[in-house]
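What follows is a short report on a single structure.
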Amino acid sequence: MKNILCIGAGHVGGPTMAMIASKCPDYTVQVVDINEERIRAWQKGKPPIFETGLEELIAGTRGRNLFFSTDIASGIREADIIFVSVNTPTKTAGVGAGRAADLHFYEETARQIREHSVSDKIVVEKSTIPVRTAEAMTRILHSDRNDVRFEVISNPEFLAEGTAVRDLETPDRVLIGGNDTSTGHRAVQELVEIYAHWVPRDRIVTTNVWSSELSKLAANAFLAQRVSSINAISAIAEATGADIDEVSGVVGMDNRIGSRFLKAGVGYGGSCFRKDILNLCYLAESHGLMEVASYWQQVVDMNDYQEHRFVSRMVRTMFNSLTGKRIAVLGFAFKPDTSDTRESPAIPVCLQLLEEGARLAIHDPKALENARRDLAGTGEERVAFCNDPYEAACGAHAIALLTEWKEYSQLDFERIYRSMERPAFIFDGRNCLDHTLLYEIGFNVLPIGKPERTRL
Ligand code: NAD
Ligand code: UGA
715 MKNILCIGAG
725 HVGGPTMAMI
735 ASKCPDYTVQ
745 VVDINEERIR
755 AWQKGKPPIF
765 ETGLEELIAG
775 TRGRNLFFST
785 DIASGIREAD
795 IIFVSVNTPT
805 KTAGVGAGRA
815 ADLHFYEETA
825 RQIREHSVSD
835 KIVVEKSTIP
845 VRTAEAMTRI
855 LHSDRNDVRF
865 EVISNPEFLA
875 EGTAVRDLET
885 PDRVLIGGND
895 TSTGHRAVQE
905 LVEIYAHWVP
915 RDRIVTTNVW
925 SSELSKLAAN
935 AFLAQRVSSI
945 NAISAIAEAT
955 GADIDEVSGV
965 VGMDNRIGSR
975 FLKAGVGYGG
985 SCFRKDILNL
995 CYLAESHGLM
1005 EVASYWQQVV
1015 DMNDYQEHRF
1025 VSRMVRTMFN
1035 SLTGKRIAVL
1045 GFAFKPDTSD
1055 TRESPAIPVC
1065 LQLLEEGARL
1075 AIHDPKALEN
1085 ARRDLAGTGE
1095 ERVAFCNDPY
1105 EAACGAHAIA
1115 LLTEWKEYSQ
1125 LDFERIYRSM
1135 ERPAFIFDGR
1145 NCLDHTLLYE
1155 IGFNVLPIGK
1165 PERTRL
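For the sequence shown, the residue numbers in the working numbering are 715 to 1170.
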């Protein structure tokens, strides 16, 4: 029985290892982390992150061939294959601050592996990292001893939050990049054999290490670029009377373009799009490719613009002042079916609303705790966190819908309208409500990239 270790029990490490353990009973899988609270939650079978189907997945494997621990040193000693799935945030200080990836967690892991290894290992880069990180990793791993050999390969993760279990079970592709050497080929083959337990072989793609590292950054940049492109068109739609959902429907019918990731909204969020594009920009700049960097920078700038534009429109529509007005914010997570609020557009939108003097009543089915943390120290006396959307809307001058939770389209808007100040506004930042119905009830309705329905 081979031993797999994963360092980092977060959104990627936890679900990915649970899937490997479930599909590969012939491997022992251990997941370690420095965060004791996270590990305790996994050990109890109550994952510290919310993902549909995850609890069931670990219920079948935990204690059988899936284990969670904070004992990183013995995990490393016992492992044959080590996945590194620690966080790789954007640097906040020093050279490249605000753009380059902060690899200090990554480097720390490399040093731990070097220190505790007593046998040869395959080290798998699971985190999203700058191109050529495998080279730095290899140098650190081999820097002070020569009896233990490490083969570093790249296996980026493409799961999306909220659909992690489904994405892991039926991935579009699994990407494995290795060195063009006999040990490199062997290591890649070992990983191919693991995934081949459940992923069809033609979906397991092998490349060189640098292609694998760059493909991950490129894939996220392309996805974010589509969202920024449709959001840019949504501004033109608002100015001209076109309907963005009609436009994206038509554009997406072209097979060469495809229909997914063309939904206009208040902006993309999530822990990765922004950081990975900035990382790509920094990489381009560091190779002197300034035009390439500024091309991709626009994808981030357009997202900032869309968030800003959303609030400016609210201010303009609500008679140029939000001072003292109660705004019900429906949804704080960066997308539905997750409690994750990292880089959620709700954060800059709420901060801007507070700057305008508004009072906020925030509801989210899963993310209220994170919302509270994100807005700590930013005018909390004007923010209420509500467990009930009706309570949030009661007495509000406007509703700003920022996350398309399914339950929001099923709300009793007649009841909500009766409880609100008049005129009552709805700014549908995700175009997920029935705008005709809302207008008939009496609301002034302002979707993204569609004609407004106002009674003023
Ligand atoms: P996360 O913050 O949820 O989890 C990372 C974990 O690593 C944390 O629990 C942290 O405590 C732990 N950690 C940090 N340093 C450690 C150390 N030295 N030893 C042990 N544990 C340590 O992050 P995540 O969302 O799982 O992302 C991990 C990587 O995967 C990132 O590079 C990210 O870009 C990439 N990624 C994320 C997603 C996603 O949907 N979140 C999808 C694909 C790829
Ligand atoms: C994204 C990618 O989809 C994954 O393939 C990738 O592995 C992951 O990033 C990562 O590297 O972290 P994720 O951020 O979890 O996954 O979620 P997405 O479904 O991609 O949504 C990201 C954001 O874009 C959300 O805020 C969503 O509301 C927004 N979005 C998405 C739109 O505004 N319009 C769309 O048409 C699609």
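From the three backbone atoms N, C-alpha and C, an ideal C-beta is built for every residue, glycine too.
Beta bridge counterpart(s) of residue i as assigned by DSSP
i, result
"Q1066", "The partner list for Q1066 (beta bridge, DSSP) is empty, contrary to what the question assumes."
"A1173", "In this structure the chain extends from 715 to 1170, so residue 1173 is not present and cannot be described."
"A1075", "A1042 and A1098"
"I867", "V838"
"Q744", "L719 and F781"
"R776", "L780"
"R1167", "V1159"
"F797", "C720 and V838"
Collapsed DSSP secondary structure at residue i in the structure displayed
i, result
"D1142", "strand"
"T852", "helix"
"N1158", "strand"
"N922", "strand"
"H1022", "helix"
"A1047", "coil"
"R974", "coil"
"L1115", "strand"
"L719", "strand"
"M815", "Rather than Met, the amino acid found at residue 815 in this sequence is Ala. Note: A815 maps to strand in three-state DSSP."
"R1172", "This structure cannot speak to residue 1172, because the chain is shown only from 715 to 1170."
"F764", "coil"
"V980", "coil"
"I908", "helix"
"G892", "strand"
"T804", "strand"
"E875", "coil"
"A1106", "helix"
"F936", "helix"
"A956", "coil"
"L771", "helix"
"T1092", "coil"
"H899", "helix"
"S1008", "helix"
beta-carbon residue i near the ligand NAD non-hydrogen atom, thresh 6 Å
i, result
"S962", "no"
"F1099", "no"
"H725", "yes"
"C720", "no"
"D747", "yes"
"C995", "no"
"F987", "no"
"S841", "yes"
"V800", "yes"
"E822", "yes"
Closer than 6 Å: residue i CB and nearest the ligand UGA heavy atom
i, result
"V879", "no"
"Y982", "yes"
"G966", "no"
"E875", "yes"
"C1146", "no"
"N893", "no"
"G979", "yes"
"F872", "yes"
"N934", "yes"
"V1043", "no"
7 Å CB neighbourhood of residue i in its chain, flanking five on each side removed
i, result
"A761", "What sits at residue 761 in the sequence shown is Pro, not Ala. G728, A755, L768, E769 and I772."
"P739", "N779"
"L1152", "F1127, I1140 and V1159"
"D747", "G722, A723, I753 and T784"
Same chain, Cβ closer than 6 Å to residue i, neighbours up to 5 away in sequence not counted
i, result
"F864", "K835, V837 and L855"
"V906", "I918"
"A1081", "F1046, A1047, S1053 and T1055"
"C720", "G727, M731, V745, F797 and S799"
"V1013", "A938, Q939, S942 and I991"
"A1106", "A1042, A1075, H1077 and C1100"
"M733", "L882"
"D1088", "T1055 and I1061"
Sequence-distant residues of its chain with Cβ nearer than 8 Å to residue i (five each side left out)
i, result
"V845", "W924, E927, L928, L931 and L997"
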